[in-house]
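Asker: Numbering (the working numbering) for the sequence shown: 5 to 297.
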Amino acid sequence: MQCQTLFKQQHSMSPALYKQHFARQQQLILQKRHVEVEKQKHIERLKQTEHAENERIAAALKAYVAGFAHQEIRVTQLPSGLAETAPPEPDRIDAYCEHLQDVISQAEAAESFESLLDGQHSVLHESLINQDQRLEDNPALAQGVQQMCGLCKGGCCSAGGNHGYLQPITMRRLMEHQGMSAESLLAYYREKIPQRSVVGACINQTREGCSVPREFRSDVCNFYLCEEVEQYLDSVEYSESGNTCNLVVQREHTHWNRFEAVEKNPVKLIAVQNEEGELVPLAHGEWLGSGGD
């Protein structure tokens, strides 16, 4: 696309000026491509380094911790939610309330909930229904997801900003299903603004989780699972082995800043999932030094 635009620009410049412009733009395009290539190389190096460390931790678990020698180890790597909290600034609250007023007004003007189900929203809404049914049909799977999301504490929520992914379709759903008016919706969400929010994350994120109940969150929030938890779901659901242990390696990055690390993201916590589906943290003892870094 950039090359096509550059080619078209020759008709609006003199040959001499276009030659200089072309050389400069060509240089910028090549620099941009180089940066992107180096970025992808860095991402792959980081993934490989963390994967190798995860494998060493799994090997150490089998070799040095009683009860795991004959088990197949499945590694699930998790991010971490941000931890620092502070009272949300007045400007932040104002921006959030302006967003709420905007999406509520659009919802009020819409003909119906179905009228807002365009292609993207329709696919997302249907996917959420299917995912909820999938977890409802498999309580053990649902418990595993709850345990891991609870351990992470919102590593994916750091991009929620002052909007919380709330959209007109969210508000229209609540108007029709909960019988709420525009005024009551605005008052409800204002009331749910926490006294202390996680710094640099969604305004509704707290150390205890989201301040907004699930039915009042967006489809984006209710549907989204990080890639690692998605892989966990698939591996558990379709696994034929009855002797598999889920080893959770939690790292210090959030879901969105993982690849900003220079070498790797430090390990924050190691846990195993017991037969009841609970995550049991493992102490960083000599066993880890024997097989990991």
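No residue lacks a Cβ here, since even glycine has one placed at the ideal position from N, Cα and C. It should be emphasised that the depicted structure is a prediction, and the values quoted were computed from it without experimental measurement.
(1) Which one of S239, T210, K268, K12 has the shortest CA to CA distance from I197?
(2) Which of the three DSSP states is assigned to S201 in this structure?
(3) Is K12 helix, strand or coil when you go by DSSP?
(4) Who does A303 pair with in a DSSP beta bridge?
(5) Rounded to the nearest angstrom, how far is the Cβ of R200 from that of T89, given a contact under 8 Å?
(6) Give the DSSP bridge partners of V276, in chain order.
(7) Which residue from K36, A27, L50, H25 puts its Cα closest to that of N269?
(8) Would you tell me roughly how many angstroms separate the C-alpha atoms of E282 and L237, rounded to the nearest one?
(9) Check whether the Cβ atoms of V39 and L145 sit closer than 9 Å, and answer yes or no.
(10) Would M175 pass as a contact of V224 if the rule is Cβ separation under 9 Å?
(11) Judging by CA-CA distance, which residue of A113, G165, C153, E115 is the nearest neighbour of E231?
(12) Can you find the residues in the same chain that come closer than 8 Å, C-beta to C-beta, to D297, ignoring five residues on each side of it along the sequence?
(13) So for L207, helix, strand or coil by DSSP?
(14) Output needed for Y169: all residues of its chain with C-beta closer than 6 Å, excluding positions within five of it in sequence on either side, in chain order.
(15) Look at the alpha carbon of S215 and the alpha carbon of N208, and state the distance between them as a whole number of angstroms.
(16) Looking only at DSSP bridge pairs, what is T4 linked to?
(17) Just checking my contact of N250 with R78 at CB under 8 Å: how many whole Å lie between their CB atoms?
Answerer: From the atom records:
(1) Here the closest residue by C-alpha is T210.
(2) strand
(3) helix
(4) The requested residue 303 does not occur in the structure, where the chain is confined to residues 5 to 297.
(5) 4 Å
(6) L251, V284
(7) L50
(8) 15 Å
(9) no
(10) no
(11) C153
(12) Only weak support is given to the placement of D297: the predicted model assigns it a pLDDT of 49, under 50, and the question is left unresolved by the model.
(13) A small correction: the amino acid at residue 207 is Ile; Leu does not occupy that position in the sequence shown. Coil at I207, not helix or strand.
(14) Cβ-Cβ distances below 6 Å link Y169 to S222, V224, C225 in the same chain, with the five nearest sequence neighbours on each side left out; the list follows chain order.
(15) Between S215 and N208, the alpha-carbon positions lie close to 5 Å from each other.
(16) Limits of the chain in this structure are 5 at one end and 297 at the other, which puts residue 4 out of reach.
(17) 5 Å
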